[in-house]
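Enquirer:
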Amino acid sequence: MHPLFVLLQQGIPTSLGEAVARYGDALVSFAVTVAIFVVSFVIIYYVARSVLVRVTKRALGARDFSPAVISLGSSLAGGVALAGAFALAATVAGFGVILAAFATLAGALALAVGFAAQDLIANFVAGIFILKDKPFEVGDYVEWSGNSGIVRDIQLRVTKLDTFDNEQVTVPNSDLANSAVTNPVANDTRRVTFDFGIDYEANIDEARAIILGEAVDIEGVLTDPEPTAPVTGLGDSAVVLNARVWVNPAETGAGPVKFELVERVKERFDEEDIGMPYPHRQIVGSLDVNSVEPVAAPSDD
770 MHPLFVLLQQ GIPTSLGEAV ARYGDALVSF AVTVAIFVVS FVIIYYVARS
820 VLVRVTKRAL GARDFSPAVI SLGSSLAGGV ALAGAFALAA TVAGFGVILA
870 AFATLAGALA LAVGFAAQDL IANFVAGIFI LKDKPFEVGD YVEWSGNSGI
920 VRDIQLRVTK LDTFDNEQVT VPNSDLANSA VTNPVANDTR RVTFDFGIDY
970 EANIDEARAI ILGEAVDIEG VLTDPEPTAP VTGLGDSAVV LNARVWVNPA
1020 ETGAGPVKFE LVERVKERFD EEDIGMPYPH RQIVGSLDVN SVEPVAAPSD
1070 D
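Add 769 to the 1-based position in the sequence shown for our numbering, that's all there is to it.
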């Protein structure tokens, strides 16, 4: 039995001499045990923390993890060193009963916290994978689950984005990790397209020449790959030419290029009398209108 428990079972002494005679050895033994625990804890903790933190930083840095993930990993390594140092020091000092009780309590607490914070933990894990895999970076325009925005900040729990209406959207990382995310600006080039419909009587080659001529004059449109405008459809009232131009998304926005292309081509089509028909419907039949007797108003009776 531990000396501390023996001391407590013998009752309270009535004099100092009795206390020294009865508890002297137990108090000395307990003091030695506490000293062993404290010294062991300090030595084990600082050695383990130094080694674990250094190894964690080196391992994560070698795999190109972001500073946020490296910082989190270092903090977790420090926590592991703290718990391990406490357990080993308690074992060395002979606090087996206390250590067993602490382990049971810690296990129950970890289980409760795990159930209560499973969404939070999922967001943290997803944030680590986003920072490691880099499906998008700060400044990228992304689309996911019917939403879109420009990435402004990637944190371990959430990602913050700005919409084109300058509204900030905060998205849990687990939502992004579990959705198909489209990153239109991830590659060196991006294609911008728009369908132009012309009259069936219009000259296709002339319309195509106008589209390509206006496209190459737009700032930011690349010459390699070069712009094209193939016929991609025959509609009810129009021949459809699909204008295709390429831009460098890191330097040129796709939206402004498309808007300018549409405006330029429309103005040139008007100048060259190339019609751009719109869908219309024709109602066929007759309408017979017969005169009828007026209906008498109801009486008040």
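Ideal Cβ placement from N, Cα and C applies to all residues, glycine included.
How big is the Cα-Cα spacing for Gly915 and Ala1012?
Expert: C-alpha separation (whole angstroms): 25 Å.
Enquirer: Quick one: using the 10 Å Cβ neighbour count with 16 as the cut-off for buried, is Ala804 buried or exposed?
Expert: Ala804 is exposed by the Cβ-count criterion.
Enquirer: Which stretch, first to last residue, makes up the beta strand (DSSP E) that contains Val1000?
Expert: That run of the beta strand (DSSP E) goes Val1000 to Leu1003.
Enquirer: Mind reading off the beta-carbon distance from Val985 to Pro996? Whole number of angstroms is fine, and I expect it under 8 Å.
Expert: Correct: roughly 6 Å between the Cβ atoms.
Enquirer: In this structure, does DSSP put Glu983 in helix, strand or coil?
Expert: Correct three-state label for Glu983: helix.
Enquirer: Over what stretch of residues does the alpha helix (DSSP H) that includes Arg926 continue unbroken?
Expert: Careful: Arg926 lies outside any alpha helix (DSSP H) and carries neither H nor E.
Enquirer: Shortest alpha-carbon distance to Asp922 belongs to which of Thr825, Phe933, Glu906 and Asp934?
Expert: When each option's Cα is compared against that of Asp922, the closest is Glu906.
Enquirer: In this structure, does DSSP put Val907 in helix, strand or coil?
Expert: Three-state result, Val907: coil.
Enquirer: Does Glu1040 come out as helix, strand or coil in the three-state DSSP assignment?
Expert: Here Glu1040 sits in helix by DSSP.
Enquirer: Looking at the strands, I want to know which residues DSSP matches up with Ser917.
Expert: Answer is Glu912.
Enquirer: Span of the alpha helix (DSSP H) holding Asn942?
Expert: It spans Asn942 to Ala946 - the alpha helix (DSSP H) in which Asn942 sits, taken as one unbroken run.
Enquirer: Measure the alpha-carbon distance for Asp957 versus Asn1017 and round it to whole angstroms.
Expert: Distance between the alpha carbons of Asp957 and Asn1017 is about 6 Å.
Enquirer: For a quick check, are the C-beta atoms of Phe963 and Leu1030 less than 8 Å apart?
Expert: The answer is yes: Cβ separation under 8 Å.
Enquirer: Considering Cα atoms alone, identify which of Val940, Gly1002, Pro953 and Asp993 is closest to Tyr969.
Expert: Nearest C-alpha to Tyr969: Gly1002.
Enquirer: Out of Phe1028, Ala946, Glu936 and Asp1005, which one is the CA nearest neighbour of Gly966?
Expert: The shortest Cα separation from Gly966 among Phe1028, Ala946, Glu936 and Asp1005 belongs to Asp1005.
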